[in-house]
Amino acid sequence: MFIKMICAGAIVLGSGTAFAQGVPVGTWQLQTGGFSYHMPHDSPHNEVNLGLGVEYQLNSNTAISAGFYKNSFGLRSNYAFAHYHPWEIWGVRVGATMGYVDGYPNYQNGAVGSVILPSFSKQYKHFGIYGIVIPPVSNGQGLIFVGIKIPFKELGRLFD
């Protein structure tokens, strides 16, 4: 299952070369939440992380976002992040996401805590994808999360 997910992700990430690569400065996007894959995969975590958020593109490398989602423990988490993606690899912007998140009982007792995580984004013509990676370090647990973002100007196309 994990290999299939990685292959599908590689196809999606690499298939947008004919589409717009960057997000124009000043663009607002709707973040819809997404899906996560936990390592090791035998854990009982929630992997459907639906939520809503907004993202604003400050410049070609930097965006800010805020919103909420259903986290891996099935609890509501709220977030405020800055995304810095100065590098591009195979058409995917990569860098780090830093900011604040709450709702994790084993981290700050569920209170607001600061995070800095490896992250990526890829913008297509009418939508984008974004994600974070938590490497399986100290406790051997990690995850890959991928979500969808849609520019507000494209939302009307959903109902055409």
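All the letters of the sequence shown, read from the start, carry residue numbers -20 to -1, 1 to 140 under mature numbering (1 follows the signal peptide of the UniProt record, and there is no 0). Built from N, CA and C at the ideal position, the CB exists for glycine as well.
query                                                                                                                 : result
Reference Tyr64, options Leu32, Leu55, Val81, Gly75, closest by Cα                                                    : Gly75
Through-space distance from Asn26 to Asn39, alpha-carbon basis                                                        : 34 angstroms
Ordered list of beta strand (DSSP E) runs contained in the segment 55 to 124, each at least 3 residues                : 56 to 69, 72 to 81, 93 to 103, 108 to 114
Straight-line Cα distance separating Leu55 from Gln37                                                                 : 28 angstroms
Check whether Ala46 and Tyr59 have beta carbons under 8 angstroms apart                                               : yes
Burial state of Arg73, where buried means 16 or more other Cβ atoms lie within 10 Å                                   : buried
Outcome for Ile(-18) when other beta-carbon atoms lying within 10 angstroms are tallied against a minimum of 16       : Low confidence applies to Ile(-18): its pLDDT is 38, below 50, so where it sits in the model is not reliable, and the reading given next is rough at best. When all chains shown are included, Ile(-18) counts as exposed.
Whole-number beta carbon distance between Pro98 and Val113, since they are thought to touch under 8 angstroms         : 5 angstroms
Sequence-distant residues of the same chain with beta carbon closer than 6 angstroms to Met78, five excluded per side : Ala62, Ile96
C-beta contact flag for Lys129 and Gly108 at 8 angstroms                                                              : yes
Close Cβ partners of Arg137 (< 7 angstroms) along its chain, the five nearest in sequence each way excluded           : His106
Integer-rounded CB distance, given that Phe53 should sit under 8 angstroms from Pro4                                  : Not confirmed; about 36 angstroms, so no contact.
CB-CB length for Tyr110 against Gly122, believed under 8 angstroms                                                    : Not a contact, Cβ separation roughly 18 angstroms.
Bridge partners - Val126, DSSP secondary structure assignment                                                         : Phe15, Gly111
Cβ neighbour criterion (16 or more within 10 Å) applied to Val28                                                      : exposed
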